[in-house]
Amino acid sequence: MNQGVRQNDQALYQTVTKRSLIRCLLLLCVLQTTGVQAARYSVLVYHGANPPYNYLKEGEQAGIFKDIFARLGELTGHEFEFVPLSVARGHKSFEAGEIDIEPGVNPSWRQSSRVPGIYSIDYAFSREVVLGRKEARAYEQPESFYGKVMGRVRGYRYGPFERHFGAGKIAVYDNISERELLVQLAHTRLDYIMIGDITAAYYIATNPAYRGFKEVYEISKLPVSMRIQPKNTMLKQELDQALSQMMAQGEITQIYLKYGIKM
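Structure representation (structure tokens):
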């Protein structure tokens, strides 16, 4: 009886091992056929203060970007390593060639960079808004904010809206993250803040102190893609193909829905 059980266990082990070997061989064949060699690439994320795109959960990176790159790794065979940095430091690291990919970027945000980069296909949208406290009024013109103090993450760019910054216009106060800006808004140190609507919704839903905050102006709504080092042209092609597949199969939509975001 025991001998029969051992024989069955051995047969099962051999079957599982054989299947695993076949999967590995198939992946190797795909990579060789397409001329792709598995590699490791660094991915810029903003140090734990940019949820739900990126945040720390039990000491590990989590969020939308983590889920997207986990799937991209499966489709491309590459390994993607997250590098958490401040926004300003991240920009410098990309320009120095120390970062391979910056996700969730519209090309217009990096026009002034010494290394604008090359870009994957668009895979989502980013909507930037002005957020105020519960007593704040909604406005249709940027001039309505003249004479007010508005918080901004240091290093973020806001395109044509920036021509309303300066003396006699909107006074801009820079800080290191959305998290810090929200604290300052709650303590009335700022009149308004500039923030992505998805990040704002996440913080409002998870922090009772922010429940009264509301959108008072839409700055922009732009498509976003992966910003890639110019030398990595083959990587761009691979990401384009993988992102196209993910969008066609609704995988990007499902990842966003996991965090309560309807695209």
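The sequence shown begins at 0 in numbering that gives the first Met the number 0 and counts up one residue at a time. Note that CB positions come from ideal geometry on N, CA and C, so glycine has one too. Owing to the predicted nature of the structure, the values given are computational and were not obtained by experimental measurement.
Whole-angstrom C-beta distance between residue j and residue i, which should lie under 8 Å
{"i": "Ser-41", "j": "Glu-78", "result": "Between Glu-78 and Ser-41 the Cβ distance is about 10 Å, and since that is not below 8 Å, they are no contact."}
{"i": "Phe-64", "j": "Leu-221", "result": "The pair is not a contact, with the Cβ atoms about 18 Å apart (cut-off 8 Å)."}
{"i": "Val-128", "j": "Tyr-216", "result": "7 Å"}
{"i": "Ser-219", "j": "Gly-158", "result": "6 Å"}
{"i": "Arg-109", "j": "Arg-226", "result": "6 Å"}
Residue i to residue j span [Cα, whole Å]
{"i": "Ala-69", "j": "Ser-119", "result": "17 Å"}
{"i": "Thr-187", "j": "Lys-133", "result": "12 Å"}
{"i": "Val-114", "j": "Asp-99", "result": "12 Å"}
{"i": "Thr-75", "j": "Thr-198", "result": "29 Å"}
{"i": "Val-104", "j": "Tyr-122", "result": "10 Å"}
{"i": "Glu-237", "j": "Ala-247", "result": "15 Å"}
{"i": "Gly-259", "j": "Asn-206", "result": "15 Å"}
{"i": "Leu-48", "j": "Lys-56", "result": "Per the sequence presented here, residue 48 reads as Ala, with Leu not at that position. So the alpha carbons of these two residues sit roughly 12 Å apart."}
{"i": "Gly-131", "j": "Gly-72", "result": "39 Å"}
{"i": "Gln-183", "j": "Ser-143", "result": "21 Å"}
{"i": "Gly-249", "j": "Leu-256", "result": "11 Å"}
{"i": "Pro-106", "j": "Ala-137", "result": "29 Å"}
{"i": "Tyr-155", "j": "Val-44", "result": "14 Å"}
{"i": "Pro-141", "j": "Lys-230", "result": "39 Å"}
As assigned by DSSP and simplified to three states, the class of residue i
{"i": "Ala-69", "result": "helix"}
{"i": "Ala-199", "result": "helix"}
{"i": "Leu-43", "result": "strand"}
{"i": "Asp-190", "result": "coil"}
{"i": "Asp-239", "result": "helix"}
{"i": "Phe-64", "result": "helix"}
{"i": "Phe-93", "result": "helix"}
{"i": "Ala-48", "result": "coil"}
{"i": "Glu-80", "result": "strand"}
{"i": "Phe-212", "result": "coil"}
{"i": "Glu-177", "result": "helix"}
{"i": "Pro-106", "result": "helix"}
{"i": "Pro-222", "result": "strand"}
{"i": "Ser-85", "result": "coil"}
{"i": "Val-114", "result": "coil"}
{"i": "Ile-254", "result": "helix"}
Same chain, Cβ closer than 8 Å to residue i, five either side skipped, listed in chain order
{"i": "Lys-147", "result": "Ile-169, Ala-170, Asp-190 and Tyr-191"}
{"i": "Ser-112", "result": "His-90, Phe-93 and Glu-94"}
{"i": "Arg-153", "result": "Ser-85, Val-86, Ala-87, Asp-173, Asn-174 and Ile-175"}
{"i": "Tyr-145", "result": "His-163, Gly-167, Lys-168 and Ile-169"}
{"i": "Ile-251", "result": "Ile-67, Tyr-122, Ala-123, Leu-242, Met-245 and Met-262"}
{"i": "Asp-239", "result": "Ser-119 and Ile-120"}
{"i": "Glu-161", "result": "none"}
Within 8 Å, strictly: CB atoms of residue i and residue j
{"i": "Glu-177", "j": "Asp-196", "result": "no"}
{"i": "Tyr-54", "j": "Ala-61", "result": "yes"}
{"i": "Thr-232", "j": "Ile-67", "result": "no"}
{"i": "Tyr-201", "j": "Leu-181", "result": "no"}
{"i": "Pro-263", "j": "His-46", "result": "Shown here, the chain extends from 0 to 262; a query on residue 263 therefore has no answer."}
{"i": "Ala-185", "j": "Ala-208", "result": "yes"}
{"i": "Met-193", "j": "Gly-165", "result": "no"}
Own chain partners of residue i with C-beta closer than 7 Å, once the 5 adjacent residues on each side are dropped
{"i": "Gly-96", "result": "Gln-228"}
{"i": "Ile-254", "result": "Ile-63, Asp-66 and Ile-67"}
{"i": "Tyr-224", "result": "First, the amino acid is wrong: residue 224 is Ser here, not Tyr. Cβ within range, chain order: Val-104, Tyr-118, Ser-119, Ile-120, Asp-121 and Tyr-122."}
{"i": "Lys-235", "result": "Ile-117, Ser-119 and Ile-227"}
{"i": "Pro-50", "result": "Gly-62, Thr-198 and Tyr-201"}
Contact test: residue i Cβ vs the ligand FAD heavy atom, cutoff 7 Å
{"i": "Leu-189", "result": "Although the ligand FAD was asked about, the structure shown includes no ligands whatsoever."}
Cut-off 6 Å between Cβ atoms - residues of its own chain near residue i, not counting five sequence neighbours on either side
{"i": "Ala-135", "result": "Val-215"}
{"i": "Glu-59", "result": "none"}
{"i": "Ala-38", "result": "His-77"}
{"i": "Arg-126", "result": "Asp-196 and Lys-220"}
Short CB-CB distance (under 8 Å) between residue i and chain D
{"i": "Gly-195", "result": "Of the protein chains in this structure there is only one, and it is not chain D."}
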